[in-house]
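Here the structure comes first, spelled out in structure tokens, and everything after it is commentary.
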Amino acid sequence: MSTSAERLPPSLRTEALEQLLTERGLVDPAVMDGFIANYEENVGPLNGAKVVARAWTDPEYKKRLLADGTAAIKELGFGGPQGEHIVVVENRPTRHNVTVCTLCSCYPWPVLGLPPSWYKDPAYRARVVREPRAVLSEMGLDLADDVEIVVHDSSAEVRWLVLPERPAGTEQLSEEELVPLITRDALVGVAKVVAP
3 MSTSAERLPP SLRTEALEQL LTERGLVDPA VMDGFIANYE ENVGPLNGAK
53 VVARAWTDPE YKKRLLADGT AAIKELGFGG PQGEHIVVVE NRPTRHNVTV
103 CTLCSCYPWP VLGLPPSWYK DPAYRARVVR EPRAVLSEMG LDLADDVEIV
153 VHDSSAEVRW LVLPERPAGT EQLSEEELVP LITRDALVGV AKVVAP
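First residue of the sequence shown: 3, per our numbering; consecutive thereafter.
Structure, rendered in structure tokens:
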């Protein structure tokens, strides 16, 4: 049995909750607006795309990124909560990496933003470990049988970021031109980057 509140769109329920918390003095609207602006403008998959585009165009940066992801990511000005220890793994033609958090939803927020709902879904968290090829296929990524799939389990101590393969046909593109091609899903390992 659903209540009338459950039938309201999430945006209206969120607005009502914020108003109630503000009226009771539990939340400062300016602080809330600051958090929202930070996640809309400063934190998100665009940051991860910038990291990958730099790695694709700067071999020295790529070496630093794979050796110490956290430090190399901080070089570009990205860091903070949920990004204290990020390990970067590189996809190659015969090895594909995918990330998950089997316990909850640990996720590198500074470079990927908030986790998508499917990342937090118990079915994804359980199945991608047991049958990664099937889960990836269901998400639209079919890999050849000879490609090894490695699943990395994030935790409170370490978060994983996938350095996707640079697609053929993008060799002449600049770092800035590469950024829009790189998706959050590719940075988690459930998709590949596609050339324009």
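The C-beta atom is built at its ideal place from N, Cα and C for all residues, glycine as well.
Can you say whether residue i is buried or exposed, counting buried as having 16 or more other CB atoms within 10 angstroms of its CB?
i       : result
Thr-101 : buried
Val-196 : exposed
Lys-65  : exposed
Ile-38  : exposed
Gly-85  : buried
Asp-187 : buried
Gly-115 : buried
Which of the three DSSP states, helix, strand or coil, is assigned to residue i?
i       : result
Arg-168 : coil
Asn-99  : strand
Leu-19  : helix
Glu-92  : strand
Leu-175 : coil
I'd like to know if residue i contacts chain D, where contact means its C-beta is closer than 7 Å to some C-beta of that chain.
i       : result
Cys-103 : You won't find chain D in this structure, because it holds only one protein chain.
Can you tell which of the options has its C-alpha closest to the C-alpha of residue i?
i       : options                           : result
Ala-73  : Thr-16, Val-89, Ser-107           : Val-89
Ala-193 : Arg-135, Leu-14, Ser-157          : Arg-135
Val-160 : Cys-108, Arg-168, Asp-30, Pro-182 : Cys-108
Trp-156 : Pro-47, Gly-36, His-87, Glu-92    : The amino acid occupying residue 156 in the given sequence is Ser; Trp does not appear at that position. It is His-87 whose Cα lies nearest to the Cα of Ser-156.
Do you know offhand how far residue i's Cα is from residue j's?
i       : j       : result
Leu-138 : Val-54  : 21 Å
Leu-143 : Thr-172 : 20 Å
Pro-118 : Pro-11  : 18 Å
Met-3   : Gly-81  : Here the model assigns Met-3 a pLDDT of 47, short of 50, so the residue's position is not dependable, and the following value carries that caveat. Answer to the nearest angstrom: the Cα atoms are 44 Å apart.
Thr-16  : Leu-22  : 10 Å
Glu-140 : Tyr-126 : 11 Å
From what residue to what residue does the beta strand (DSSP E) around residue i run?
i       : result
Asp-155 : 150-155
I'd like the span of the alpha helix (DSSP H) that includes residue i, first residue to last.
i       : result
Val-190 : 186-190
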